[in-house]
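Notes to accompany the following structure.
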Amino acid sequence: MTRKIVIIGGVGGGATVAAQLRREDAESEIIVLDKGSHIAFSNCGMPYHIGGLVKNRDDILYSTEQFRKKYKVTVHTNTEVKAINRSTQRIYYQAALDAGELGYDKLILAPGASAIIPNIEGLNPQRTFPLHTISDMDNISDFIETKKPQSVAIVGAGFVGLEMVENLSERGLKCTIIDRSSQAIKIIDENLAAIVENHLNDKGVQILLDDGLASCSNEGKTLHLNSGRKVEADLIIMAVGIKPNTELAIDADLKIGTTGAIAVNEYMQTSDPNIYALGDVVEAPDTVTGTPRHVALAWPAHRQAYIIAMHLTGATASFNGTQGSAILKVFDLTVGATGLNSHKLKELGMYFQTASLETMSNASYYPGAEKLWIKVLFDEAHGRIYGAQAIGYAGVDKRLAVLATALKAGLTVADLPELELAYAPPYSSPKDPINILGYKAAAMLKSL
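Residue numbering for the sequence shown follows UniProt numbering, beginning at 1 and increasing consecutively.
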């Protein structure tokens with residue numbers, strides 16, 4: 001059956017669902033509208049292009065014309081959807097040169113999220129930039145090339161902030177990170193975050209925690225902090241977080257969830273069954289608790305795109321939640337986590353135990369063995385895994401992948417010693433660190 005499927009938003013989730021739909025459905029008309037100039041680009045690759053590691057800008061972009069031809073979809077860039085009329089199943093848009101309307105049989109919302117820019121007195125927009133779109137990336141790169149800044153203040157010590165501090169350091173800028181929290185990278189516990197903070201200091205980065213930006217002066221080059229401290233910076237990167245773009249959904253009277261993102265069912269349908277939503281604009285059940293969680297990461301968006309495509313083409317598939325598995329590179333360190341951390345578990349009133357291990361990434365006698373820290377948080381009665389964290393200079397990603405899989409599969413900490421993981425001296429030890437962590441955790445179970 002030929003249908004008209006309209007997708008609002010053409011970056012990660014929107015582009016992926018368009019491509020997946022076309023693979024499953026050769027007949028339907030698929031129309032993508034995006035208010036930006038580019039679709040199908042890699043947000044995650046942008047810091048590395050700014051830092052010069054990814055030399056070619058086009059390597060993180062999929063040209064609109066390429067996308068049109070490959071997937072046989074209609075794409076309208078620089079086109080902002082202004083309203084949805086659910087009763088007539090029409091959307092109203094404003095393009096650069098004209099305005100118009102489109103009918104739809106099914107509508108998919110993938111407008112993503114927007115970077116938060118706090119209302120700070122004296123902030124100079126000519127030297128202050130977020131990093132969320134290709135235009136943001138280009139603006140930062142152009143500023144560095146033309147203004148030759150010597151110093152940068154990065155407000156926010158999360159994913160974007162820490163990736164930017166490494167890449168801007170590589171470009172020779174003196175970096176200062178400012179964050180209101182008591183620790184950097186809040187997905188991990190405080191004791192592991194301290195390792196990251198010490199590493200940043202070793203790399204010459206000034207890190208100011210428990211402090212926030214109060215105002216700016218001197219054409220935005222002098223930052224006045226809540227503590228009374230002053231920081232001088234030629235460039236400011238604003239990385240304090242994002243907010244889901246729910247305006248269209250709210251105006252259309254779609255249900256908004258408890259997190260402030262769009263509520264959807266297991267098939268990614270909103271409160272209107274003819275309207276789907278995915279990506280940074282939706283909330284989803286947490287794997288551990290089952291309660292709604294807003295997770296702006298690539299994996300959930302790509303999985304949700306598949307679920308929508310399957311549901312629209314009559315197949316059976318459902319989105320079963322997210323555990324927020326995430327990883328990032330901070331200079332020489334790799335840092336990652338899955339599930340819930342100690343702070344969140346305490347906030348939820350969940351009783352838990354932790355087992356930690358400081359070890360080496362592989363056989364200590366083999367050249368290149370590096371320090372590795374891993375931690376698992378679990379139910380002390382039955383050993384159910386609530387979350388896990390890993391940090392180190394080598395072997396972090398594979399340990400985190402095993403722990404994320406164990407959490408998703410419902411394994412307990414008592415199962416971890418039984419995992420037969422591949423061993424050779426360049427890669428591990430006869431008892432992998434995951435096995436050893438499991439022995440430690442299992443010994444702490446009350447049921448044993």
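The beta carbon of each residue, even a glycine, is placed where N, CA and C say it ideally should be.
Given the structure is predicted, the values throughout are model-derived calculations rather than measurements.
With C-beta atoms as the reference, is residue i less than 8 angstroms away from residue j?
i, j, result
"residue 466", "A233", "It is not possible to answer for residue 466, since the shown part of the chain is limited to 1 through 448."
"L61", "H38", "yes"
"L372", "V402", "no"
"M360", "I308", "no"
"K375", "S356", "yes"
"L158", "A239", "The question names Leu, yet the displayed sequence has Gly at residue 158. It is a contact, given that the beta carbons lie within the stated cut-off."
"G12", "D34", "no"
"Q338", "L400", "Sequence check: residue 338 is Thr here, not Gln. Yes, the pair counts as a contact, with Cβ atoms nearer than the cut-off."
"L445", "E380", "yes"
"I31", "R22", "no"
"A95", "T79", "yes"
"A305", "Q20", "yes"
"I117", "L131", "no"
"P426", "Y366", "yes"
Can you tell me where the beta strand (DSSP E) holding residue i begins and where it ends?
i, result
"R90", "90 to 95"
"N201", "Taken as a continuous stretch (DSSP letters only), N201 belongs to no beta strand (DSSP E), being part of the alpha helix (DSSP H) at 190 to 202."
"Q66", "Segment 64 to 71 is the alpha helix (DSSP H) holding Q66; no beta strand (DSSP E) there."
"G103", "99 to 103"
"A326", "326 to 330"
"G336", "333 to 339"
"K174", "174 to 178"
"Q353", "353 to 360"
"L61", "No beta strand (DSSP E) contains L61, which DSSP labels as neither H nor E."
"T74", "74 to 76"
"L223", "222 to 225"
When DSSP builds the beta bridges, which residues end up paired with residue i?
i, result
"residue 509", "With the chain covering 1 to 448 only, the question about residue 509 has no answer from this structure."
"H382", "Its beta-bridge partners do not exist; DSSP assigns none."
"N85", "R90"
"T270", "T270 pairs with nothing; no bridge assigned."
"T128", "I236"
"H49", "Answer is none; H49 lacks a bridge partner."
"K371", "M360"
"K106", "I5"
"I31", "V6, T74"
Kindly indicate which residue of the options has the alpha-carbon position closest to the one of residue i.
i, options, result
"T88", "N265, D272, Y71", "D272"
"G349", "T359, K329, F331, Y386", "Y386"
"E219", "V32, T128, A157, Y267", "T128"
"T222", "T287, E190, G122, L200", "G122"
"S318", "A296, A284, H294", "A284"
"A414", "Y439, P292, I144", "Y439"
"R171", "K148, L192, S182, L162", "K148"
"L208", "D58, Q183, Q389", "Q183"
"L109", "N119, T289, V281", "V281"
"G392", "A424, G241, T334", "T334"
"Q66", "A15, Y306, D432", "A15"
"G336", "G290, Q389, I5", "Q389"
"N341", "I185, D210, V54, Q94", "I185"
"T289", "R384, K70, T133, E420", "R384"
"Q206", "D189, K174, T258", "K174"
State the DSSP-derived secondary structure class of residue i, mapped to helix, strand or coil.
i, result
"V54", "coil"
"P433", "helix"
"A443", "coil"
"L448", "Caution applies to L448, whose pLDDT of 48 falls short of 50 and renders its modelled position unreliable; the value that the coordinates give is listed next. Residue state, collapsed to three classes: coil."
"G279", "helix"
"S215", "strand"
"E121", "strand"
"V205", "coil"
"M400", "Note that residue 400 corresponds to Leu in the displayed sequence, not to Met. Helix."
"residue 471", "The chain is shown from 1 up to 448; residue 471 falls before or after that span and cannot be answered."
"A252", "coil"
"R22", "helix"
"Y393", "coil"
"V264", "coil"
"I187", "coil"
"S37", "coil"
"S151", "strand"
"V6", "strand"
"S342", "helix"
"G387", "strand"
"V11", "coil"
"E247", "helix"
For the ligand MG, is there any heavy atom lying closer than 7 angstroms to the beta carbon of residue i?
i, result
"I144", "By its list of ligands, the structure shown contains no ligand whatsoever, and the ligand MG lies outside what it can speak to."
Go to residue i, then tell me how far its alpha helix (DSSP H) extends in each direction, as first and last residue.
i, result
"H311", "298 to 312"
"G112", "Note, G112: premise wrong, no alpha helix (DSSP H); not H, not E."
"V240", "Here V240 belongs to no alpha helix (DSSP H), and DSSP marks it neither H nor E."
"S169", "159 to 170"
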